[in-house]
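There are 2 protein chains.
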Amino acid sequence: MYNFTLQMPTRIHFGKGQISHLSELKESGSKVLLVYGGGSIKRNGIYDAAMKILKEAGLTVEELSGVEPNPKIETVRKGVALCKEDSIDMVLAIGGGSTIDCAKVVAAGAKYDGDAWDLVIHPEKIQGALPIYSVLTLSATGSEMDEFAVISDMTKNEKWGTAAPCLKPEMSVLDPTYTYSVSKKQTAAGTADMISHTFENYFSFETGADVQKRFGESLLKVMFKYGPVALHEPENYDARANLMWAASLAINGLTRVGNAPAWCVHPMEHELSAFYDITHGQGLAILTPVWMEHILSDKTAPIFAEYGRNVWGITAANDMSAAKEAIEKTREFFFTTMELPKNLREVGITEQTHFEKMAEKAAAGCVGCFVPLSKEDIIEIFKAAF
Amino acid sequence: MYNFTLQMPTRIHFGKGQISHLSELKESGSKVLLVYGGGSIKRNGIYDAAMKILKEAGLTVEELSGVEPNPKIETVRKGVALCKEDSIDMVLAIGGGSTIDCAKVVAAGAKYDGDAWDLVIHPEKIQGALPIYSVLTLSATGSEMDEFAVISDMTKNEKWGTAAPCLKPEMSVLDPTYTYSVSKKQTAAGTADMISHTFENYFSFETGADVQKRFGESLLKVMFKYGPVALHEPENYDARANLMWAASLAINGLTRVGNAPAWCVHPMEHELSAFYDITHGQGLAILTPVWMEHILSDKTAPIFAEYGRNVWGITAANDMSAAKEAIEKTREFFFTTMELPKNLREVGITEQTHFEKMAEKAAAGCVGCFVPLSKEDIIEIFKAAF
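If you're matching them up, the sequences are chains A and B in order.
For the first sequence, this note's numbering assigns the number 1 to the initial residue and increments by one for each residue that follows.
For the second sequence, this note's numbering assigns the number 1 to the initial residue and increments by one for each residue that follows.
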């Protein structure tokens, strides 16, 4: 097990009705910037419920709405301007990971003199942030309990992740019933996203991080069990609850620290989203089995075999056979069980014009990867996923 | 899954050499009360290393030494007096769970006007505490990352646990090499303690807390794998590291919240320690299999069977058979593999004079237990463990 430092300070209020805890925002001042997306929270009543609690707690609320599924730097800039003009004390995101990511960089931008894009490409410039709160409405990214945020500048086809300890939310409300209305498409994509996070933290050559590996397998078992249940019974509480909690734990550090993994698939997917604005979780699902096959070797077979045996109960004694079976199980889960699009053409990417440029950029993010990927490797993976 | 609130704010610095982070204590002021036990930290060099770092950081240090294995209220009172007389800013425990528990109640006592024993029997009276830091030297209780403390008044044969959010340490240093010198006896007892914590959080009739149950099984697998390794290879880093991290995670809330378990074995063991001052982990190991057998029924068999199948790989299809096999595996692990004392006589309890009084007190702590235990049940368990 490698040395690590870990702190998980976010106060989680989990369960039905926990939105009442929004009254706790008083602890951070009186002026709230409420950040949300396309307005679904107005249709499903969460907006009204939140506003009532905030007002009863004596808080005043400014709003930043219209956060995009791949949140754009222009929206962040608008939020930062609001914070500075109105001396906002704290930021409250109500939505999925995109909304929370946007709120995080707004909160950091409010404490920064330059342009917020600096904070996306130079995380070390984040020197502070307004207190961040969230009410989660989509189980996927884990942003509600982590220090990461991903922001895009579509004018430049750039999508990058940033991170800082001060971006961890003070408090997040996780009410599984808020995800009852999530569509089949988004439920499947969100499940693929959390599975991908777990994979990225799990696959490593470290043999002494048993706690982290067993925890990773635990989360995968939960996701494989409840993903299909949520798809077919959208109001199954236990399915929504387990997916929600598993997604938060998949990326809050618990499975990563001491295991020294290095993310491989996310850097490639970020290029897909940056150039084609596709749904992140769908991109991850398409790339993951192709990536597994591309890097399968005598060296990686034992790692994929361990995953197959401990998560899928594969019994093949030979590592290469067990690894191949595990990859096949993963593929089946994404494309048959979860009904996710199988290749890039199915998500509307009909030509390969940008693959070379995308691969060049992704390769920069794959340095120190579980199995290092060159530009040429990545082009091959994109083509195999086409 | 039940509703819950969870916060795990303790900053963990895990790994070899992480004691250097003691310089961070500056964040809480300048005057430290250093709390430790019988002086082993002076023999193994940890005391000198800590003092050097603290002094270089400009901190002044008062000392409370001689904390007992079952820490006594008299020692807590001494520490509280020191804090009040010398305007101590923070408390630093270097030791195992007993030392950290003592430091916690000292820290709370420093902020309380009455006698510190009040805070043990009335946790709700804990209204604040000095910042608490720890350097862990024994993997067992999880006190380094939780809100609990157990203190005894041996003059009254009383041993009670108290708890408050402000008792969670600010920061804990977990260096697995500091446990290399832990004796076989204490390694086995510590492993039994962490296993018992995991059991107590794991066994429940809740069927929707999959994340928590899978995490509990993960921790048990790690403990069952590495307990014997640490016993026979005391300087095996991965064994000491996995046991250390698993012990912290077993009781920091992660496996308990949402699963609504209720502790059964600890209340019984606390009476054994209160009346006979035995080693806590040994008492837990002796009682656990007897307790399991006592409550085994058609209703509990599926729960023990799930444990057996998921942790021990038991394949019996019939729940009662699988449950019995799981209990037998547990017994074998404690008494054969870990060489722990098998019954109360082996830890020096040679008469049953106090069983009735002990059972009466333990029964008060077993209200709302996984399977409720009456005074008569507990007497039977004590006798079967004799």
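Here a beta-carbon is modelled for each residue, glycine too, at the ideal position from N, C-alpha and C.
Exposed or buried, what is residue i when buried is set at 16 or more other beta-carbons lying within 10 Å of its beta-carbon?
i: residue 122/B; result: exposed
i: residue 372/B; result: exposed
i: residue 370/B; result: buried
i: residue 232/A; result: exposed
i: residue 256/A; result: buried
i: residue 345/B; result: exposed
i: residue 18/B; result: buried
i: residue 135/B; result: buried
i: residue 11/B; result: buried
i: residue 367/A; result: exposed
i: residue 310/B; result: buried
i: residue 336/A; result: exposed
i: residue 95/A; result: buried
i: residue 70/B; result: buried
i: residue 212/B; result: buried
i: residue 93/A; result: buried
i: residue 377/B; result: buried
i: residue 343/B; result: exposed
What would DSSP say about residue i, mapped onto helix, strand or coil?
i: residue 139/B; result: coil
i: residue 351/A; result: coil
i: residue 160/B; result: strand
i: residue 74/A; result: helix
i: residue 112/A; result: coil
i: residue 35/A; result: strand
i: residue 127/A; result: coil
i: residue 149/A; result: strand
i: residue 121/A; result: helix
i: residue 27/B; result: helix
i: residue 2/A; result: coil
i: residue 95/B; result: strand
i: residue 133/A; result: strand
i: residue 390/B; result: No statement about residue 390/B is possible, as the shown extent of chain B runs from 1 to 386 and does not include it.
i: residue 59/A; result: coil
Please decide whether residue i counts as near chain A, where near means a Cβ-Cβ distance under 8 Å.
i: residue 7/B; result: yes
i: residue 11/B; result: yes
i: residue 1/B; result: yes
i: residue 225/B; result: yes
i: residue 172/B; result: no
i: residue 181/B; result: no
i: residue 218/B; result: yes
Going straight from the alpha carbon of residue i to that of residue j, what length do you get?
i: residue 270/A; j: residue 142/A; result: 17 Å
i: residue 281/A; j: residue 190/A; result: 6 Å
i: residue 2/A; j: residue 259/A; result: 6 Å
i: residue 242/B; j: residue 29/A; result: 42 Å
i: residue 168/A; j: residue 101/B; result: 29 Å
i: residue 41/A; j: residue 201/B; result: 36 Å
i: residue 79/A; j: residue 125/A; result: 18 Å
i: residue 35/A; j: residue 254/A; result: 28 Å
i: residue 274/A; j: residue 352/A; result: 14 Å
i: residue 26/B; j: residue 375/B; result: 50 Å
i: residue 349/A; j: residue 139/A; result: 26 Å
i: residue 317/A; j: residue 248/A; result: 34 Å
i: residue 333/B; j: residue 224/B; result: 8 Å
i: residue 91/A; j: residue 64/A; result: 10 Å
With a threshold of 8 Å between beta-carbons, can residue i be considered close to chain B, or not?
i: residue 256/A; result: no
i: residue 47/A; result: no
i: residue 361/A; result: no
i: residue 14/A; result: yes
i: residue 282/A; result: no
i: residue 333/A; result: no
i: residue 221/A; result: yes
i: residue 18/A; result: yes
i: residue 304/A; result: no
i: residue 275/A; result: no
Is residue i a contact residue of the ligand NAP, with contact defined as CB to any heavy atom under 7 Å?
i: residue 313/B; result: Questions concerning the ligand NAP fall outside what the structure shown contains, since it holds no ligand whatsoever.
List the residues of chain E that residue i touches, going by C-beta distances under 7 Å, in chain order.
i: residue 4/B; result: Absence of chain E from the displayed structure is noted, the protein chains being A and B.
Practice problem: Note down, in chain order, all residues in the segment 235-253 of chain A with a beta-carbon under 8 Å from any beta-carbon belonging to chain B. | Solution: 237, 238, 241, 242, 245, 246 and 249
Quiz item: Closer than 8 Å, Cβ to any Cβ of chain A: which residues of the segment 68-79 of chain B, in chain order?
Solution: none
Exercise. Closer than 7 Å, Cβ to Cβ, to anything on chain A: give me those residues from the segment 188-215 of chain B, in chain order.
Key: 208, 210, 211, 214 and 215
Quiz item: When you check each C-beta in the segment 22-41 of chain A against every C-beta of chain B, which residues fall closer than 8 Å?
Solution: Of all residues in the segment 22-41 of chain A, none has a Cβ within less than 8 Å of some Cβ in chain B.
Quiz item: What residues in the segment 368-383 of chain A bring their beta carbon closer than 8 Å to a beta carbon of chain B?
Solution: Here the close residues number zero.
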